[in-house]
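What follows is a short report on a single structure.
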Amino acid sequence: MIEFHGVTKKFGSTNVLNDLTIHVKRGSTVALLGLSGSGKTTALKLVCGLHFPDTGTVSINGTPLTRDILPELRKDIGYVIQDGGLFPHLTVYQNLALVGREAQIPDEAIRSRVNELADMTKISKSTMTRYPREISGGQRQRVGIMRALFLNPSMLLLDEPFGALDPITRSSLQEDLRALCREMGKTVLMVTHDIYEAGYMADTILLLNQGRIAQAGSLRDLMLNPANEFVQLFTNSQRHIGIEA
Numbered sequence: 006m007i008e009f010h011g012v013t014k015k016f017g018s019t020n021v022l023n024d025l026t027i028h029v030k031r032g033s034t035v036a037l038l039g040l041s042g043s044g045k046t047t048a049l050k051l052v053c054g055l056h057f058p059d060t061g062t063v064s065i066n067g068t069p070l071t072r073d074i075l076p077e078l079r080k081d082i083g084y085v086i087q088d089g090g091l092f093p094h095l096t097v098y099q100n101l102a103l104v105g106r107e108a109q110i111p112d113e114a115i116r117s118r119v120n121e122l123a124d125m126t127k128i129s130k131s132t133m134t135r136y137p138r139e140i141s142g143g144q145r146q147r148v149g150i151m152r153a154l155f156l157n158p159s160m161l162l163l164d165e166p167f168g169a170l171d172p173i174t175r176s177s178l179q180e181d182l183r184a185l186c187r188e189m190g191k192t193v194l195m196v197t198h199d200i201y202e203a204g205y206m207a208d209t210i211l212l213l214n215q216g217r218i219a220q221a222g223s224l225r226d227l228m229l230n231p232a233n234e235f236v237q238l239f240t241n242s243q244r245h246i247g248i249e250a
């Protein structure tokens with residue numbers, strides 16, 4: 006579904022991605038894990054054409070990504086960023102309806118889809134008349150997910166979607182989004198700094214270091230069989246703290 010073949014991306018003189026090869030199978034969830042600056046978000050932006058590789062190719066469903074196919078491709082990609090990324094001057098409903106109107110969906114069908122997505126994401130319909138500043142961080146994130154799912158895309162890109170939330174809200178949203186993605190068969194590429202979040206949400210973790218894959222595998226693989234010193238340092242830095250009685 007999503008493939009990187011020998012992708013390199015530079016910004017100025019800095020190599021952000023270095024000969025990166027990734028395969029995300031249809032219906033699977035892959036987490037890009039790593040330190041800040043490791044290339045995670047850049048890789049995500051390459052998938053939806055916000056950046057293009059300097060060398061190598063990014064392919065969607067076997068077709069190399071080009072500017073010509075971007076308008077049609079983007080209808081099949083939902084993008085969720087931290088805190089929802091909502092327009093502050095629009096109500097929740099208007100934020101959602103904007104997607105439908107851009108796709109020339111009739112108003113009645115837009116209302117029906119909003120109601121359907123509200124049920125899916127456990128958002129009260131009374132929230133629809135409020136502005137983003139008038140709802141909680143968890144609600145904004147759920148609305149961001151609603152917006153990403155509006156056109157029923159086959160692919161979801163998640164860029165630190167839980168990063169600004171308190172632990173209880175974060176856990177609840179992780180559980181709901183994980184269940185939704187699996188139930189709907191979405192192909193998901195997500196970015197996170199949190200190894201335990203990656204292990205819970207994803208089928209495969211790709212730990213990046215300086216734009217390269219340091220190790221690929223499950224949470225258990227990374228924790229018990231680190232491939233190198235960097236992987237061991239990264240996993241040790243996120244270990245749970247034991248508390249003695």
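Residue numbers (my numbering): 6 to 250.
C-beta atoms are modelled at their ideal positions from N, C-alpha and C, and glycine is treated no differently.
Within 10 angstroms of the beta-carbon of Arg-147 lie 16 or more other beta-carbons, which makes it buried. The region 196-229 is shown to contain whole beta strand (DSSP E) runs of 3 or more residues at 209-214 and 217-222, in chain order.
With distances taken between CA atoms, Gly-222 lies nearest to Val-35 out of Val-35, Leu-122 and Met-151. DSSP, reduced to helix, strand and coil, places Lys-80 outside both helices and strands of the structure shown, so it counts as coil. Taken through DSSP and simplified to helix, strand or coil, Ile-65 comes out as strand.
Here the alpha carbons of Gln-144 and Gln-179 stand approximately 13 Å from one another. For Phe-167, the number of other beta carbons within 10 angstroms of its own is at least 16, and it is reported as buried. Cβ-Cβ distances below 6 Å link Arg-175 to Phe-167 in the same chain, with the five nearest sequence neighbours on each side left out; the list follows chain order. For the region 82-139, the full-length alpha helix (DSSP H) segments reaching 4 residues or more read 97-107 and 112-126 along the chain. Between the region 158-165 and the region 46-56, the count of C-beta pairs closer than 8 Å reaches three or more; the two stretches touch. Shortest Cα-Cα distance from Leu-170 to any of Ile-74, Ile-86, Ile-65 and Lys-14 involves Ile-86. Listed in chain order, the non-local C-beta contacts of Ile-115 below 6 Å within the same chain comprise Ala-102 and Gly-105, local neighbours out to five positions each way being set aside.
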